[in-house]
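Participant:
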Amino acid sequence: MCGIAGFIDYNRESTQEILANITMEMRHRGPNASGCNTFESNAAKIGFGHQRLSIIDLSESGSQPMQFGHLWITFNGEIYNYENIRKELISDGHSFIGSSDTEVILHAFAQWGIACVNRFIGMFAFAIYDQKTETIHFVRDRVGIKPFFYYWHDGLFLFASELKAFHKHPKFKKAINFDAVAAFMQHGNVPTPYCIFDYTYKLQPGHFIKFDINNRAFEIKKYWDVYHTYNKPKLDISFQEAETETKSVLKSAFQYRMVSDVPVGVFLSGGYDSSCVTAILQEDRVEKLKTFTIAVPDIGLNESEYAKSISNYLGTEHYEYNCTRKDALELISDLPYYYDEPFGDQSAIPTMLLCKMASEEVTVALSADAGDEVFAGYSRYGFMMKHGSTLNRIPPLVRRGISGMMNVISADHIPVMRNRYNFHNRYEKFKSLLKDPSAKNVMLSLSQQFDENEISVLFYKNIKSLETAYLNNGLFQEFYTPLAHMMAIDYQTFLSDDVLQKVDRASMAYSLESREPFTDHRIIEWAAQLPDKYKYHNGEKKYILKEIVHKYVPKELMDRPKMGFQIPIENWLATDLKKQVLYYLSDEEIAKQGIFNPNVVRKLREGFLSGKKEYALKIWYLLMFQMWYEKWMN
174 MCGIAGFIDY
184 NRESTQEILA
194 NITMEMRHRG
204 PNASGCNTFE
214 SNAAKIGFGH
224 QRLSIIDLSE
234 SGSQPMQFGH
244 LWITFNGEIY
254 NYENIRKELI
264 SDGHSFIGSS
274 DTEVILHAFA
284 QWGIACVNRF
294 IGMFAFAIYD
304 QKTETIHFVR
314 DRVGIKPFFY
324 YWHDGLFLFA
334 SELKAFHKHP
344 KFKKAINFDA
354 VAAFMQHGNV
364 PTPYCIFDYT
374 YKLQPGHFIK
384 FDINNRAFEI
394 KKYWDVYHTY
404 NKPKLDISFQ
414 EAETETKSVL
424 KSAFQYRMVS
434 DVPVGVFLSG
444 GYDSSCVTAI
454 LQEDRVEKLK
464 TFTIAVPDIG
474 LNESEYAKSI
484 SNYLGTEHYE
494 YNCTRKDALE
504 LISDLPYYYD
514 EPFGDQSAIP
524 TMLLCKMASE
534 EVTVALSADA
544 GDEVFAGYSR
554 YGFMMKHGST
564 LNRIPPLVRR
574 GISGMMNVIS
584 ADHIPVMRNR
594 YNFHNRYEKF
604 KSLLKDPSAK
614 NVMLSLSQQF
624 DENEISVLFY
634 KNIKSLETAY
644 LNNGLFQEFY
654 TPLAHMMAID
664 YQTFLSDDVL
674 QKVDRASMAY
684 SLESREPFTD
694 HRIIEWAAQL
704 PDKYKYHNGE
714 KKYILKEIVH
724 KYVPKELMDR
734 PKMGFQIPIE
744 NWLATDLKKQ
754 VLYYLSDEEI
764 AKQGIFNPNV
774 VRKLREGFLS
784 GKKEYALKIW
794 YLLMFQMWYE
804 KWMN
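Going by this note's numbering, the first residue of the sequence shown is number 174, and it counts up by one from there.
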């Protein structure tokens, strides 16, 4: 895993020094080597930069930017099946200088053009400059594991693995996109393809840009779509057949993620997903897997007991790290730097702690994200499966009538209930679901901290809702199920914009490569064709995955409450972080920026500090934005 950056400058003002500066801003992504090349075309000056974290082919022959004939590449990620592709290319007459996957990408592009991307199993973001056709292809992997930002304004095109690199270019215009700020306040992240700044975007997963240098024009094309995987008939197979084939697909995906010339470990929480990865990989290995768990006992985050029991049963070499509340709190001031944009997922804190500790032992670590999105593990799926049909059976006229009454009678006027934790939020969400109990609205409603009405009064400016994957439905009617729709939405939103970005930045902060076995496209392409009942069965989420894990680990060792990586944010904001809340959310600071309405922020701040704990995440999102603003805008 590495960091890439570069430019296409029609003003020819970008120098080798500027390229080195924007590249070096991401040296934490690749401390082993740095490379920069500039090119003069007839129309523009072009720059490719690279920060290398050596994983495969540690020799100089793997250095980047890399050339093959008239092609140049700067690449971030891994192509796990590169050896198979390499053999195919050799049989077609290609010869190689080194043994890196980067060189394989170049030769594959020369052989098959952009269609080569369909052969890749991996995580990647890369740029390939063809000096013969004067075109550059920018490509991002199917799920969005590897980040790719770009900027296009006043004859300057910038690209990079991290947004912070753009700040090192003197012509980068830092103009805040207020619609994107509103989206952050709703979802806790800025959804793809948008960015916190104007003129700046994220390349969508499963897409590529073809940039025609001579014509100053580019087009964005899709090469893979999760909806395509669901728009197929469900397989007519027994559960036993499904279980056998699922295990086979998982095993292939997991084993590919072990390809490396440096030490590899696995994050083990003791939950089903990480236990599945660990069990399947340890099964055929003589040497012990290195597994890693973190615990912060004094904030109630401690899965070490569960992880240790799984490790002992499977026979891994287990590392357990105990951190303190102080360790966790000290990381908060670093979040705006490493996450580039405002980022509201507080589990970034323990994730960074885990990556920091693991990086002392290994260079590569396998995570177990995406199991929930692929095999139906989230509680919101259970809510829809249990209650969605009931809500839909209520006549629309009756639902609208009840919702209308709730508009008149606010949550504050409901005796007893109004004092219960989070009742106000649940009241508003239930009102929304009565209006529209569709899977799309369930996902949108449950993902938002600030609804549209709250957004309209929070901001001074008029806010336009961004078109995001939450609002799309690419399922054909004949293949539509609420569960498939919800999982497809999560795959394109929460997984890509939150989970994967969280892990990428947390791991790269410590020059640790994180790999995501469950994101192998062959897994989702297989699992999407399984009947829903194999994933959600009699109220049991992730049913088929759990049955596979039970073949390796006794059920009694696995069955325990799902914990996740949550921190006691309500308590922190009212105690350790109270000083920051009072400063960053003060009337003076809010008014000085001119973005939020100070009266609304004051009401939230005072309400939270007087005991309304349901405001905690709203306060956290505001605090994260304010700290980001101070870091990057002042």
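Beta carbons: idealized from backbone N, C-alpha and C, even for Gly.
1. Which class does threonine 497 belong to by DSSP, given the choice of helix, strand or coil?
2. What does the alpha-carbon distance come out to for the pair tyrosine 633 and glycine 767?
3. Quick one: using the 10 Å Cβ neighbour count with 16 as the cut-off for buried, is proline 509 buried or exposed?
4. Assuming the contact rule is C-beta atoms closer than 8 Å, alanine 281 and isoleucine 258 should be a hit. Round their C-beta distance to whole Å, please.
5. Classify tyrosine 664: buried if its beta carbon has 16 or more other beta carbons within 10 angstroms, exposed otherwise.
6. If you draw a straight line from the alpha carbon of glutamine 455 to that of glutamate 534, how long is it in whole angstroms?
7. Name the DSSP bridge partner or partners of tyrosine 323?
8. Under 8 Å, do aspartate 705 and threonine 654 count as touching if we go by C-beta distance?
9. How is threonine 306 classed by DSSP in three states: helix, strand or coil?
10. Name the two residues that bound the continuous beta strand (DSSP E) containing leucine 192.
11. Taking just the CA atoms, how far does tyrosine 709 sit from lysine 786?
12. Do you know whose CA, among Asp314, Tyr323 and Glu478, lies nearest glycine 379's CA?
13. Inspect the beta-carbon positions of valine 290 and tyrosine 396 and report whether they are closer than 8 Å.
14. What separation, rounded to the nearest whole angstrom, lies between the Cα atoms of tyrosine 554 and leucine 718?
15. Find out if the Cβ-Cβ distance for the pair leucine 758, glutamine 702 is shorter than 8 Å.
16. Under DSSP, the alpha helix (DSSP H) around arginine 572 begins and ends at which residues?
17. Below 8 Å between beta carbons: does that hold for serine 520 and lysine 675?
18. In angstroms with no decimal places, state the Cα-to-Cα distance between threonine 402 and tryptophan 699.
19. When the Cα of serine 532 is compared with those of Met579, Leu617 and Met681, which residue comes out closest?
20. Comparing the C-beta of asparagine 257 with each C-beta of chain D, is any distance below 8 Å?
21. Have a look at Arg688, Ile263, His340 and Glu729 and flag the residue whose alpha-carbon is nearest the alpha-carbon of valine 537.
22. Closest to glutamine 237 by CA distance: which of Met731, Ala348 and Ser207 is it?
23. Tell me whether the beta-carbon of leucine 790 lies closer than 8 Å to the beta-carbon of glutamine 622.
24. Does arginine 132 come out as helix, strand or coil in the three-state DSSP assignment?
25. Return the chain-ordered list of same chain residues with a C-beta closer than 6 Å to the C-beta of isoleucine 195, the five sequence neighbours on each side being excluded.
26. Distance check for asparagine 635 and threonine 524, CA to CA, integer angstroms please.
27. Serine 506: which of Tyr802, Ile309 and Thr466 sits nearest, CA to CA?
28. CB-CB under 7 Å to phenylalanine 370, same chain, minus the five flanking residues each way: which ones, in chain order?
29. Helix, strand or coil: which one does DSSP assign to glutamine 224?
30. DSSP puts glutamine 413 in a beta bridge; with which residues?
31. According to DSSP, is serine 207 helix, strand or coil?
32. Give me the Cβ distance between leucine 423 and isoleucine 696, rounded to the nearest whole Å; I'm assuming they're in contact under 8 Å.
33. Spell out the partners DSSP gives methionine 296 in its beta bridges.
34. When DSSP labels each residue in this structure, what does lysine 218 get in the three-state scheme?
35. Let me know the beta strand (DSSP E) ranges lying completely inside the stretch 654-735, each 3 residues or longer, listed in chain order.
36. For tyrosine 794, count neighbouring C-beta atoms within 10 Å of its own C-beta (all shown protein chains included) and say buried if the count is 16 or more, exposed if not.
Facilitator: Put simply:
1. Note: threonine 497 maps to coil in three-state DSSP.
2. For tyrosine 633 and glycine 767, the distance between alpha carbons rounds to 7 Å.
3. Buried: at least 16 other Cβ atoms inside 10 Å.
4. Taking C-beta atoms under 8 Å as the contact rule, alanine 281 and isoleucine 258 qualify, at a distance of about 6 Å.
5. Taking a 10 Å sphere around the C-beta of tyrosine 664, we find 16 or more other C-beta atoms and assign the residue as buried.
6. Straight-line Cα distance between these residues: approximately 18 Å.
7. Within the DSSP secondary-structure output, tyrosine 323 pairs in a beta bridge with Phe332 and Tyr374.
8. Taking 8 Å as the Cβ cut-off, aspartate 705 and threonine 654 qualify as a contacting pair.
9. Threonine 306: coil per DSSP, three-state reduction.
10. That residue, leucine 192, is in no beta strand (DSSP E); its alpha helix (DSSP H) goes 189-197.
11. About 33 Å.
12. Out of Asp314, Tyr323 and Glu478, Asp314 has the C-alpha closest to the C-alpha of glycine 379.
13. Result yes, Cβ atoms of valine 290 and tyrosine 396 sit closer than 8 Å.
14. If I take the Cα positions, the gap works out to 16 Å.
15. Contact flag unset, no.
16. Arginine 572 -> alpha helix (DSSP H) spans 569-581.
17. For the pair serine 520 and lysine 675, the CB atoms are nearer than the 8 Å cut-off.
18. C-alpha separation (whole angstroms): 8 Å.
19. Here the closest residue by C-alpha is Met681.
20. In the structure shown, chain D cannot be found, because there is only a single protein chain.
21. When only C-alpha atoms are compared, the closest one is Arg688.
22. For the residues Met731, Ala348 and Ser207, the minimum Cα distance to glutamine 237 belongs to Ser207.
23. Going by C-beta atoms, leucine 790 is nearer than 8 Å to glutamine 622.
24. For the chain, the structure presents residues 174 to 807; residue 132 sits outside this window and is missing.
25. For isoleucine 195, same chain residues with a beta-carbon under 6 Å away, outside a window of 5 residues either side, are Ala178, Ala338, Lys341 and His342 in chain order.
26. Separation of threonine 524 and asparagine 635 (C-alpha to C-alpha, rounded to the nearest whole angstrom) is 36 Å.
27. Residue Tyr802 is the option with its Cα nearest to serine 506.
28. Within the same chain, Cβ atoms closer than 7 Å to the Cβ of phenylalanine 370 are found at Lys347, Ala348, Ile349 and Asn350, the five residues on either side in sequence being excluded.
29. Strand at glutamine 224.
30. The secondary-structure analysis by DSSP pairs glutamine 413 with nothing; it has no beta-bridge partner.
31. Residue state, collapsed to three classes: strand.
32. Confirmed, Cβ separation roughly 7 Å.
33. In the DSSP output, where bridge partners are listed per residue, methionine 296 has Glu251.
34. Under the three-state reduction of DSSP, lysine 218 is assigned to strand.
35. Listed in chain order, they are 686-688.
36. That one is buried.
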